[in-house]
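Asks: Below is one structure. I have some questions about it.
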Amino acid sequence: MTGGIFWVSSCQLFNTSGSEEETKPVVARVYDRYLYKEDVEGLMPNDLTEADSLAFLQNYINVWAKDQLMILKAEYNLTESQKNFEKQIEEYRNDLLKFAYRQQYISQTLDTNISANAIKSSYKGGSNDFVLKENILRVDYAAINLEAPNLEKAIKWFYSKKEKDESSFYDYALKYSYKFSVRDSTWISYEQLRKQIPLPSEDVEGFIKSTGFTQFKDSTNVYLLEIKDYRLRGDKAPLPYSREIIKNILINKRKLDIVNSLEQNLLEDALDKKEFEVY
Numbered sequence: 010m011t012g013g014i015f016w017v018s019s020c021q022l023f024n025t026s027g028s029e030e031e032t033k034p035v036v037a038r039v040y041d042r043y044l045y046k047e048d049v050e051g052l053m054p055n056d057l058t059e060a061d062s063l064a065f066l067q068n069y070i071n072v073w074a075k076d077q078l079m080i081l082k083a084e085y086n087l088t089e090s091q092k093n094f095e096k097q098i099e100e101y102r103n104d105l106l107k108f109a110y111r112q113q114y115i116s117q118t119l120d121t122n123i124s125a126n127a128i129k130s131s132y133k134g135g136s137n138d139f140v141l142k143e144n145i146l147r148v149d150y151a152a153i154n155l156e157a158p159n160l161e162k163a164i165k166w167f168y169s170k171k172e173k174d175e176s177s178f179y180d181y182a183l184k185y186s187y188k189f190s191v192r193d194s195t196w197i198s199y200e201q202l203r204k205q206i207p208l209p210s211e212d213v214e215g216f217i218k219s220t221g222f223t224q225f226k227d228s229t230n231v232y233l234l235e236i237k238d239y240r241l242r243g244d245k246a247p248l249p250y251s252r253e254i255i256k257n258i259l260i261n262k263r264k265l266d267i268v269n270s271l272e273q274n275l276l277e278d279a280l281d282k283k284e285f286e287v288y
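Just so we're on the same page, the numbering used here is the position in the sequence shown counted from 1, plus 9.
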């Protein structure tokens, strides 16, 4: 095998025979294989500089060339039996056909409505299935700049259990807190909460167990925190935290049941119609 890569300006035309294919703008050639300008148009991100665009294009051309050279080298060096992939191609096509049909049948058949009772029943029966791998909490928290007006009053509102004070703090937080979450029953992992406010990274479980209301400051902000409930790593996750997980488990089980039923029905129908026989 002789020859190699031939780079051609994107403005240059091959015009040996005058055919439409041969007069298209070419950017590269490997032996008798061509990469045309239209093949690379639209691939380049719009926000690149001219230098970056050229580097992007050169890299794409080099990757294309390596692929072509590898394919040509394989064609030349492998035996006919080594290059015979008809069986693998047929198997791959059959797998794709089966997958596509299963997906179509599931989409036409699947009921994704999962009742609250089904979720609750699955939760009760799966005591070992919902063990926490992280510490989770239900909290109220807020981060407020130290220069915010009426800060001391706002802190008292945060720690108060009076409905009026809770409402006052919520209104205050909307105006002056750049990060806060109150009146929320959602469970959050400790690590997610640490991204919102600077919590300790050492003796985490000790901090969680000993903390109810707390506040701490840095050079610019005061951080208010109330841990209303918690579950530690190794505990069973609460039902609200597990609800979406359980729902997905039940839906996936339904999908498996649908596929198994489909395959069994196809088999039985073929037997009844003498379209499938075992000798």
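By construction, the Cβ of each residue, glycine as well, lies at the ideal position given by its N, Cα and C atoms.
(1) Please determine, among Glu200, Leu208 and Asn159, the residue with the shortest C-alpha to C-alpha distance to Ser186.
(2) Using C-beta distances below 8 Å, list every residue in its chain close to Ile217, excluding the 5 sequence neighbours before and after it, in chain order.
(3) Rounding to the nearest angstrom, what Cα-Cα distance links Glu95 and Asn137 in this structure?
(4) Measure the Cβ-Cβ separation of Phe189 and Ala163 and say whether it is below 7 Å.
(5) Which same chain residues, not among the five before or five after Lys283, have their C-beta less than 6 Å away from its C-beta?
(6) For a test of the three-state rule: what should DSSP assign to Gln224, helix, strand or coil?
(7) For Leu22, count neighbouring Cβ atoms within 10 angstroms of its own Cβ and tell me buried if that reaches 16, exposed if not.
(8) For the structure I just gave you, are there three or more beta carbon pairs, one from the stretch 223-233 and one from the stretch 105-121, closer than 8 Å?
(9) Pair every Cβ in the stretch 266-281 with every Cβ in the stretch 161-181, then say whether three or more of these pairs are closer than 8 Å.
(10) Which residue comes first and which comes last in the beta strand (DSSP E) that contains Arg42?
(11) If we count Cβ pairs, one from each stretch, closer than 8 Å, do we get three or more for the stretch 251-265 versus the stretch 199-215?
(12) In this structure, does DSSP put Arg111 in helix, strand or coil?
(13) Sort Gln91, Ser90, Val49 and Thr58 by Cα distance to Asn71 and report the nearest one.
(14) On the three-state DSSP scale, how would you describe Met10?
(15) Leaving aside the five residues before and after Ala127 along the sequence, list all residues of the same chain whose C-beta is less than 8 Å from its C-beta, in chain order.
(16) Let me confirm a value: Phe167 is counted as buried when at least 16 other C-beta atoms fall within 10 Å, else exposed. Which label applies?
(17) On the three-state DSSP scale, how would you describe Ala163?
(18) Determine the contact status of Leu141 and Asp244, defining contact as a CB-CB distance below 7 Å.
(19) What residue range is occupied by the uninterrupted alpha helix (DSSP H) comprising Tyr289?
(20) With which residues is Ser190 paired in a DSSP beta bridge?
Replies: With the given structure in hand:
(1) Asn159
(2) Asn144, Leu146, Tyr199, Ile236, Tyr239 and Leu241
(3) 47 Å
(4) no
(5) Excluding residues up to 5 positions away in sequence, nothing lies with its Cβ nearer than 6 Å to the Cβ of Lys283 in the same chain.
(6) strand
(7) With a pLDDT of 36 at Leu22, under the threshold of 50, the predicted position of this residue should be treated as unreliable, and no value is reported.
(8) Taking one beta carbon from each stretch, the stretch 223-233 and the stretch 105-121 have fewer than 3 pairs nearer than 8 Å; the two do not touch.
(9) Judged by pairs of C-beta atoms under 8 Å, the stretch 266-281 does not touch the stretch 161-181, as fewer than three such pairs exist.
(10) Arg42 to Tyr45
(11) no
(12) helix
(13) It is Val49 whose Cα lies nearest to the Cα of Asn71.
(14) At Met10, the pLDDT of 45 sits below 50, so the modelled position is not reliable and the matter cannot be decided from this model.
(15) Leu259
(16) buried
(17) In the structure shown, Ala163 adopts helical secondary structure according to DSSP, grouped into three states.
(18) yes
(19) Given that the chain is displayed from residue 10 to residue 288, the structure contains no residue 289 and the question cannot be resolved.
(20) Tyr150
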